[in-house]
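A.B. asks: In the working numbering, the protein residues as written are 347 to 467.
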């Protein structure tokens, strides 16, 4: 079953590559593939059991995939040392902005959904 699950995930990755190759859109093919997989799961074209085991394994070991990026950062340690304040400032500011926007969108969606639910009654 693991081979089938890997095959489904790799098929959608390949589909994402094909979409990017034909359209030339500036979005990583892996993102396109995962969006297509999500759409297929939502549309019930693909059953969750066809990807659940491998997906759970990948999510549990997600930190492992950041090791190469972290090691690559060490090659730029002199830049990081010289620019630590702007990096920390941009990270903090962007975190606050993302939290604020997410909160606002959540509140808007809750109001919309509660009105929509009231109109159904």
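Ideal Cβ placement from N, Cα and C applies to all residues, glycine included.
Can you name the start and end residues of the alpha helix (DSSP H) that residue 432 belongs to?
C.D. replies: Taking the first residue of the chain shown as 1, we reach residue 432 at position 86. Its alpha helix (DSSP H) spans residues 430 to 466.
A.B. asks: Could you give the DSSP three-state label for residue 397: helix, strand or coil?
C.D. replies: Counting from one through the chain shown, the residue named residue 397 turns up at place 51. Correct three-state label for residue 397: coil.
A.B. asks: Taking the Cβ atom as the reference point for each residue, do residue 396 and residue 348 lie within a distance shorter than 7 Å?
C.D. replies: For the purposes of this step, residue 396 is taken as residue 50 along the chain shown, with counting starting at 1. For the purposes of this step, residue 348 is taken as residue 2 along the chain shown, with counting starting at 1. Contact flag unset, no.
A.B. asks: Taking residue 392 as the reference, give the member of 358, 427, 465, 464 with the closest Cα.
C.D. replies: Taking the chain shown and counting its residues from 1, one reaches residue 392 at position 46. Per the Cα distances, 358.
A.B. asks: Please confirm whether residue 362 and residue 379 have their CB atoms less than 7 Å apart.
C.D. replies: As a working note, residue 362 is residue 16 in the chain shown. As a working note, residue 379 is residue 33 in the chain shown. Going by C-beta atoms, residue 362 is nearer than 7 Å to residue 379.
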